[in-house]
Amino acid sequence: MKPTPRIPDAVKSSPLAIQGLTVSYDRRPVVHSVDFVTPPGSMTAIVGPNGAGKSTLLKASLGITARLTGDVRVFGKPFEVMSRHVAYVPQRSSVDWDFPATVIDVVAMGLFRDQRWWQFNRGRDRRLAMHSLARVGMEAFADRQIGQLSGGQQQRVFLARALIQDAELTILDEPFAGVDAATESAIIEVLKELRDEGRTLLCVHHDLSTVHDYFDHVLLLNVRGIAAGAVDEVFTAANLQATYGGRLSEVQLARLVSPASKEAR
Amino acid sequence: MSDFMMFSLVPLAVAVIIGMTCALLGNFLVLRRQSLIGDAISHVALPGIVVSFLLTGALSSLAMMLGAGVSALVTVVLIELVRRFGRVESSAAMGVVFTSLFALGVLLLEWHGATGVHLDVEHALYGNLESLIWFEGTGLAALVDPQALAGLPPQLARAASVGLAVVVFLVMCRRQLILGSFDPDFAASVRARPALVDLLLVTMVAVAAIAAFEAVGSIIVIAMFICPAAAARLMTNRLATQIAWSLTFAAVSSVLGYVLAGYGPGWLGFNASVSAAGMIATLSGVILLLACLFGPERHRSGAAREA
Amino acid sequence: MDTWWRALTFTLGYNTSLVTLGAMLLAAGAGMIGTFVLLRKRALVSDAISHATLPGLTLAFIIIGLLQGDGRWLPGLLIGAALSAALGLWLVQVISARTRLGEDAAIGAVLSSFFAFGVVLITVIQSMNVTGQSGLTGYLVGATAGMLSSEAKLIALCSLGVLAAVFVMRREFLLVCFDADFARTQGINTWRVDLALLMLLMAVVVIGLKVTGLILIVALTIIPPVAARFWTDHPMAMVALAAFLGALSGYFGVTLSSVGEGLPTGPLIVLAAFVLFLGSFLFSPRRGVLASLLAHQRFRRRVHLRQGLLSLSRDEPIFDGLTLTLLKRAGYIRRDGVATAAGQAAARDAEHEERLWALYRERYPDDALHREHAGLTPIAQVLSPDAVMTLETQLLLRTEARP
């Protein structure tokens, strides 16, 4: 007889609940026994030093990288059957930008699940893609080859591809890496709009100084989950110290955790 | 005219069909930076054919195709095993596997070479386009005469059906292929099965290589997988246009190469002809060279260079 | 068997011994230079080089044949081969550097079109009145059977030259292969070192044409280095080992081929190399497949068991089939998934370990970052008994302090 485990309510309502996730390369765990329940409607940052397994955690959750152990659920059901509800924005550098495709081609890739093999891109698809591009302010570039865009523009195109998926949860891997300030604020505006629509966002983030401004929840990760919760409660000097070790100085820590000191800067 | 129908029509048609089929698949190999998979697979057709000959004791086409197909799949699996479990870089893994299998093929061939069968290394490498003679093709009327058509060399029908299979595969899997080539992580996240599509692509490459191998030899196969598609990439930044260019290049080099090989030496005053397969492949290389020099999109795009 | 033994002990005649030595030297040189090329992640460049020799080889054959009626003159053929290989190599470099095509496409395009042109020239030769044509096919798959002792000497001498050159250049090669950017800051002209590397590779390939044939010479520059990689992480040891494995394959290959009439040398050398590779691949205790598969399985079970116990102690549902199986097999849960007494105890221990580790990371974050992250090793094996005792006390105090 196979035991039927009961699923906690928090997991049932969460767009991404991870339990006991371990990923290893060559017997060296890069993510070890991480538990994390994404609060619905939240904007959560995943924060940790280089090599802390932030991207790997996301990739393993999405079934891109194989996991050793672990259970990943979307609204209480296994991820494999619920993947439609999740949009993923990979790191910009993971892609061959020399590929012969135009901006609108890339955005239309987000419609992959809705297109059957005998259908060609329809007028409706193009309209949807243009609408997404407009949301990120890139509609003027629709017919450009993707290799001709700047880094920030490429990132916006990636975001537009996620928008067109119309998913409950959007997972972003370092969306602000190597982008200009204008793009960063444009992206954060769009992300906040999404949250205001009641959607959930989960974002690998490396700029500790903006965690307070951009996010309401945070997961501190260094191979293991160090702490998770609301930014005000969890983003503390002690937790950051435990995550980064001696890599952060006392002064840095003090600045990061007390938002008041930001004006003084 | 009847000379042309009898001696040239079929080789020409086979060369064009095979060239275009390989070029189609080649577009994706080049875009995925997997061009050399085509190289590896066409080399291992030899051991496959030799083994199937040793097992069946005859040179039946079906058995040879099966043998070559099996050896192609074995190669792909072995490369993947060596790469993953040995943590060997993929081009090195390829180099280990295909050279060893080729060596095995040559060894077996030479070992049993004394049996006097018409099967030798050169044939495997250069193919024999010129031998595809349509004896019944005595005039234009033969094109509508069912009896004459039945006498067509079977390689033509095989090439055509493989070409058709490749087209069907590409049309059905085009989204998965594009997605998996451009952004494999995203492809996996939307369950586009990039790994499966990868395997299917390699299988189609193997099928095309085998059909081509029998008629034109493995050199032309490698050239047709890589040169037309690579040249086409330098002409445009649109995938659809790129594919159209690659088909054009493949067709042009097939026709021109065949004609040059057959009549070129005659024009120069020699009473001989040179290898058609070799000439076709050489021309495809020349086209690529021209594209490298003059192709409008030959340079990497700006942002890609920064990265 | 007797013939083979005599070949192995170099008592099968002067010529055979000479050829054997030549092939061993050649394969050793190929292994050495191949190691650097492999570390530079350009293993298949040699494939382009070797195929690109054919047009030069055939052109040289035609020219020599027109001059003296017989095209077989090894030095001349090798020079022709080297010239066209250099052209092919240059094209690979230019195409991959100047256009948007990758090196893979450049290699594939050069090897196939050069080889094809060579084939065209071969058919030209066939229509010419030049003797020694059948000798040409020997360059495709190799033929040492009818090798002249002067040819064998030439091959052996050239191989010695390559070995010496690699030995002299080894430091520069290593630096550039390991970290080209760093090498540049050290005042090394990486472009020139790369060129020297590729030139030596080309030399090996050209010299080897007669021995293994142009399609198989690639194997000698790839297989021994890859096999050597399984045994060592030190680059210089890898170079030496690759040379040794290469020489060994040459030794076995040539001697085996002298056993039977018409046994081709090239394929036998390559297959000998492959056998050595296969042995390393399967049985190397460090990186071999069997060893790492076993270790991975053990590791996987440990992680699953640990995760299962933690889930038990936290009263979380377990979905994973393997975790459940392992827990059941260890007697930690009953068939219906309820924890047994032993399971509860083990779960408590696991949880306790986990708390100790967490406390350790909290108290000594800097030390913890330098430790193994797994936490699968019992803490008592990692830290001194005193340190564990301190942690235990602190943990106790903390739990009591909590309401």
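Residue numbers (the working numbering), protein chains in the order written: chain Y, -5 to 259; chain P, 126 to 432; chain S, 906 to 1308. Note that CB positions come from ideal geometry on N, CA and C, so glycine has one too.
Here's the rule I'm using: 16 or more other beta-carbon atoms within 10 Å means buried, otherwise exposed. How should residue i be labelled?
i: Y:Asp119; result: buried
i: Y:Tyr19; result: exposed
i: Y:Gly141; result: buried
i: P:Met297; result: exposed
i: S:Gln1202; result: exposed
i: Y:Asp226; result: exposed
i: P:Thr240; result: Only weak support is given to the placement of P:Thr240: the predicted model assigns it a pLDDT of 47, under 50, and the value that follows is read from those uncertain coordinates. When all chains shown are included, P:Thr240 counts as exposed.
i: Y:Lys48; result: buried
i: S:Val1098; result: buried
i: Y:Arg218; result: buried
i: S:Asn1034; result: exposed
i: P:Arg212; result: exposed
i: S:His1139; result: exposed
i: S:Glu1056; result: buried
i: Y:Arg116; result: exposed
i: S:Phe1246; result: Here residue 1246 of chain S turns out to be Ala, not Phe, going by the sequence shown. Burial call: exposed.
i: P:Phe338; result: buried
i: P:Glu431; result: With a pLDDT of only 39 at P:Glu431, under 50, the local geometry of the prediction cannot be trusted, and no value is derived from it.
i: S:Phe1188; result: exposed
So with CB distances below 7 angstroms, who are the chain Y contacts of residue i?
i: S:Glu1221; result: Gln13
i: S:Arg1303; result: Those do not exist, as S:Arg1303 stays about 14 angstroms from chain Y at its closest Cβ, beyond 7 angstroms.
Note down, in chain order, every chain P residue with its Cβ under 9 angstroms from the Cβ of residue i.
i: Y:Ile40; result: Chain P residues near Y:Ile40: none, gap ~16 angstroms exceeds 9 angstroms.
i: S:Arg1240; result: The contacting residues do not exist; S:Arg1240 stays about 34 angstroms from chain P at best.
i: Y:Ser77; result: Ser314, Val315, Arg316
Can you name the start and end residues of the alpha helix (DSSP H) that residue i belongs to?
i: Y:Leu127; result: 117 to 129
i: Y:Tyr82; result: Looking at the DSSP string, Y:Tyr82 is not in any alpha helix (DSSP H); the run it does join, the beta strand (DSSP E), is 80 to 83.
i: S:Tyr1269; result: Per DSSP, S:Tyr1269 belongs to no alpha helix (DSSP H) and is neither H nor E.
i: P:Phe153; result: 134 to 156
For a contact defined as C-beta to C-beta under 7 angstroms, what are the partners of residue i on chain S?
i: Y:Leu62; result: Arg1205, Val1208
i: P:Glu177; result: Per the sequence shown, residue 177 of chain P should be read as Ser rather than Glu. By Cβ distance, chain S contributes nothing, its closest Cβ being about 18 angstroms from P:Ser177, past 7 angstroms.
i: Y:Ile1; result: Pro1222
i: P:Tyr251; result: Val1024
i: P:Arg425; result: Arg1005
i: P:Met404; result: Val1025
Going along chain Y in order, which residues have a C-beta closer than 9 angstroms to the C-beta of residue i?
i: S:Thr1282; result: What S:Thr1282 touches in chain Y: nothing, since even the nearest Cβ is about 12 angstroms away.
i: P:Gln367; result: Pro94
Note down, in chain order, every chain P residue with its Cβ under 7 angstroms from the Cβ of residue i.
i: Y:Asp210; result: Going along chain P, no residue has its Cβ under 7 angstroms from Y:Asp210, so there is no contact; the nearest lies around 24 angstroms.
i: S:Asp1138; result: None at all; the shortest Cβ gap to chain P is about 12 angstroms.
i: Y:Phe106; result: Arg300, Leu304, Val315, Ala317
i: S:Ala1010; result: Val155, Ser160, Ile351, Ala355
Below 8 angstroms on the Cβ atoms is my contact criterion, and I expect residue i with residue j to pass it. Report the Cβ-Cβ distance as a whole number of Å.
i: P:Leu161; j: P:Ser196; result: Not really, about 17 angstroms apart at Cβ, beyond 8 angstroms.
i: S:Val1071; j: S:Gly934; result: 7 angstroms
i: P:Trp259; j: P:Leu134; result: 6 angstroms
Identify the contact partners of residue i in chain P, using a Cβ-Cβ distance below 8 angstroms as the criterion.
i: S:Val1144; result: Those within 8 angstroms of S:Val1144 in chain P number zero; the least Cβ separation is about 15 angstroms.
i: S:Asp952; result: Leu161, Asp164, Gly220
Start and end of the beta strand (DSSP E) containing residue i?
i: Y:Ile220; result: 218 to 224
i: Y:Gly64; result: 63 to 68
i: Y:Pro13; result: Reading off the sequence, residue 13 of chain Y comes out as Gln, not Pro. Y:Gln13 -> beta strand (DSSP E) spans 11 to 19.
By the criterion of Cβ-Cβ separation under 8 angstroms, what are the contact partners of residue i in chain Y?
i: S:Thr1228; result: Thr63
i: P:Met297; result: Trp111
So which residues on chain S does residue i lean against when the C-beta distance must stay under 8 angstroms?
i: Y:Thr177; result: Going along chain S, no residue has its Cβ under 8 angstroms from Y:Thr177, so there is no contact; the nearest lies around 26 angstroms.
Which chain S residues sit within Cβ distance under 9 angstroms of residue i?
i: Y:Ser27; result: Val1208, Arg1211, Gln1212, Leu1215, Glu1259, Gly1280
Does the pairing of the segment 1002 to 1015 of chain S with the segment 969 to 980 of chain S give three or more beta-carbon distances under 8 angstroms? Touching, no, given that fewer than three Cβ pairs across the two stretches are closer than 8 angstroms.
Quick one: any contact between the segment 1055 to 1062 of chain S and the segment 915 to 933 of chain S, if contact means 3 or more CB pairs under 8 angstroms? Counting Cβ pairs under 8 angstroms, three or more are found: they touch.
Below 8 angstroms, how does it come out for the segment 340 to 360 of chain P and the segment 162 to 176 of chain P: are there three or more Cβ pairs, yes or no? The segment 340 to 360 of chain P vs the segment 162 to 176 of chain P: in contact.
Three or more C-beta pairs closer than 8 angstroms, one from the segment 1236 to 1254 of chain S and one from the segment 1194 to 1206 of chain S: is that the case here? With a cut-off of 8 angstroms, the segment 1194 to 1206 of chain S and the segment 1236 to 1254 of chain S do not count as touching, because too few Cβ pairs lie within range.
Check whether the segment 1133 to 1151 of chain S touches the segment 933 to 943 of chain S, counting contact only when three or more Cβ pairs, one atom from each stretch, lie closer than 8 angstroms. As far as the Cβ criterion goes, the segment 1133 to 1151 of chain S touches the segment 933 to 943 of chain S, which means the pair count is three or higher.
Please determine if the segment 914 to 923 of chain S and the segment 1111 to 1130 of chain S are in contact, where contact requires at least 3 C-beta pairs separated by less than 8 angstroms. Contact fails: fewer than three Cβ-Cβ distances are below 8 angstroms.
Count Cβ pairs between the segment 1073 to 1093 of chain S and the segment 1122 to 1135 of chain S that sit closer than 8 angstroms; are there 3 or more? No: the two stretches stay apart, fewer than three of their Cβ pairs being nearer than 8 angstroms.
Does the count of Cβ pairs from the segment 134 to 143 of chain P and the segment 313 to 322 of chain P closer than 8 angstroms reach three? When Cβ pairs closer than 8 angstroms are counted between the two stretches, the segment 134 to 143 of chain P is seen not to touch the segment 313 to 322 of chain P, the count staying below three.
Take every Cβ of the segment 1020 to 1032 of chain S, pair it with every Cβ of the segment 403 to 412 of chain P, and state whether three or more of those distances are shorter than 8 angstroms. Verdict: yes, contact present.
contact_flag[the segment 252 to 262 of chain P, the segment 384 to 404 of chain P] where n(CB pairs < 8 angstroms) is 3 or more: Contact holds between the segment 252 to 262 of chain P and the segment 384 to 404 of chain P, because three or more Cβ pairs, one in each stretch, are under 8 angstroms apart.
Does the structure place the segment 328 to 340 of chain P close enough to the segment 187 to 206 of chain P that three or more beta carbon pairs sit under 8 angstroms? Output reads yes: the segment 328 to 340 of chain P touches the segment 187 to 206 of chain P.
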